[in-house]
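Residue numbers (our numbering): 158 to 462.
Even for Gly, the Cβ is constructed at its ideal location relative to N, Cα and C.
Only a predicted model underlies this, so the values are computations on that prediction, with no experimental measurement involved.
Since the structure comes first, as structure tokens, the remarks are kept for the end.
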Ligand code: AMP
């Protein structure tokens, strides 16, 4: 059974205090699929690019066993482009430009043979497009959804409709406060779960992530990193590691969900070590396991002395 991933596939131009890159591979669906590909196969990417999208990126995604039957390549169009500049505090960035290009008229079409998929990851795109994907799947059982401040600001009603059909909603702390107009995160989490998602994950940038379910609050640390080169895609990569691990396990108990959060954080820590998707392209099972265990070490303590 495939894991379906929908979202943006982009060419990013990113500037950090350390360096900058132009027209490098990016996009929410790209980061999610790459991260998930280390845990589960097949991952099917649903998205759109223009015919300027470099062949080397197609090859790299295929080498990771990412299925591209659902990736539309539009003749005469350019690929979606995004530009961002990070401040010295890497938690803050300015969007320099967003050129929708091929995304402008994107109509996601799920190939017939993937319409029975049970695991769906709705990467950050317009909530109406996310809904169109769900409408084409006959019986989705585990739907993970990511979003961003833009959609909370401009399409809140559509997002609220979508949330009723979502199992796991992932957003960051400032987005949670924005969505609920509630400054306290614990109260905000309660309100968001009442909007539909059974499971809520609030990401807190370099401070880790929190999981909220009916009867659990679980706090995952962030990996203590001395060098973060480029935070772009960390949130998408987190979502990819999370759903990839759960798709591999096929059993949604609370221990697996907690481990999935740590795998998500593990993958995000590799992502930010390099620009673009470079930190996700040459990983191995052993490297991932080693870092996963480091996460356990940094948050483990004895109850008694
Ligand atoms: P993140 O750092 O996790 O927020 O994700 C960054 C990625 O989101 C970049 O690779 C961008 O190409 C992509 N992105 C930025 N703005 C948008 C947008 N409006 N819709 C879809 N994807 C976007």
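Which same chain residues, not among the five before or five after residue 273, have their C-beta less than 8 Å away from its C-beta?
The residues are 158, 294, 295, 296.
Mind checking who residue 367 pairs with in its DSSP beta bridge?
Partner(s): 359, 376.
With a floor of 3 residues, list each beta strand (DSSP E) that falls wholly inside the segment 202-259, ordered by position along the chain.
List check, beta strand (DSSP E) in window: 228-231, 238-243, 250-256.
Between which two residues does the beta strand (DSSP E) harbouring residue 165 extend?
Note, residue 165: premise wrong, no beta strand (DSSP E); not H, not E.
Alpha carbon to alpha carbon, how far is residue 291 from residue 280? Give it in angstroms, no decimals.
Roughly 12 Å separates the two Cα atoms.
Which residues does DSSP pair with residue 170 in a beta bridge?
In DSSP, residue 170 forms a bridge with 240.
Among residues of its own chain, excluding the 5 on either side of residue 431, which ones have a beta-carbon nearer than 6 Å to its beta-carbon?
For residue 431, where only same-chain residues beyond five positions count, the Cβ hits under 6 Å are 386.
What is the residue span of the beta strand (DSSP E) that residue 328 lies within?
325-329 is the extent of the beta strand (DSSP E) around residue 328.
Which word fits residue 174, buried or exposed, when buried means at least 16 other C-beta atoms lie within 10 angstroms of its C-beta?
The residue is exposed, with fewer than 16 neighbouring Cβ atoms inside 10 Å.
My assumption, with CB atoms under 8 Å, is that residue 108 sits in contact with residue 380. Please give the rounded CB distance.
With the chain covering only 158 through 462, there is no way to say anything about residue 108.
Assign residue 383 to one of three DSSP states: helix, strand, or coil.
Three-state result, residue 383: coil.
I'd like to confirm the pairing. Which residues does DSSP put opposite residue 458 in its beta bridges?
Beta-bridge pairing links residue 458 to no other residue.
What's the call for residue 360, buried or exposed, on a 16-neighbour Cβ count within 10 Å?
Per the 10 Å Cβ criterion, buried.
Cβ of residue 248 versus every heavy atom of ligand 1: is any distance shorter than 7 Å?
Every heavy atom of ligand 1 is 7 Å or more from the Cβ of residue 248, so no.
Name the two residues that bound the continuous alpha helix (DSSP H) containing residue 395.
Element bounds for residue 395: 391-406.
Is DSSP giving residue 301 helix, strand or coil here?
The answer is strand: DSSP assigns residue 301 an E or B state.
Per DSSP, residue 181 forms a beta bridge with which residues?
169, per the DSSP bridge assignment.
Is residue 265 close to ligand 1? I mean its beta-carbon at under 7 Å from any heavy atom of the ligand.
Checking the Cβ of residue 265 against ligand 1 gives no.
Taking 7 Å as the cut-off, is the C-beta of residue 282 nearer than that to any heavy atom in ligand 1?
At least one heavy atom of ligand 1 is nearer than 7 Å to the Cβ of residue 282, so yes.
When you compare only the Cα positions, how much space is there between residue 111 and residue 229?
What is shown of the chain runs 158 to 462, which leaves residue 111 out entirely.
Just the Cα atoms here: how many angstroms apart are residue 319 and residue 237?
Straight-line Cα distance between these residues: approximately 24 Å.
Can you pull the DSSP bridge partners for residue 279?
Answer is 163, 302.
Spell out a yes or no on whether the segment 213-223 and the segment 240-251 are touching, meaning 3 or more CB-CB pairs, one atom from each, closer than 8 Å.
Touching, no.
Compute the beta-carbon to beta-carbon distance between residue 415 and residue 368, rounded to the nearest angstrom, for a pair I have assumed lies under 8 Å.
Confirmed, Cβ separation roughly 7 Å.
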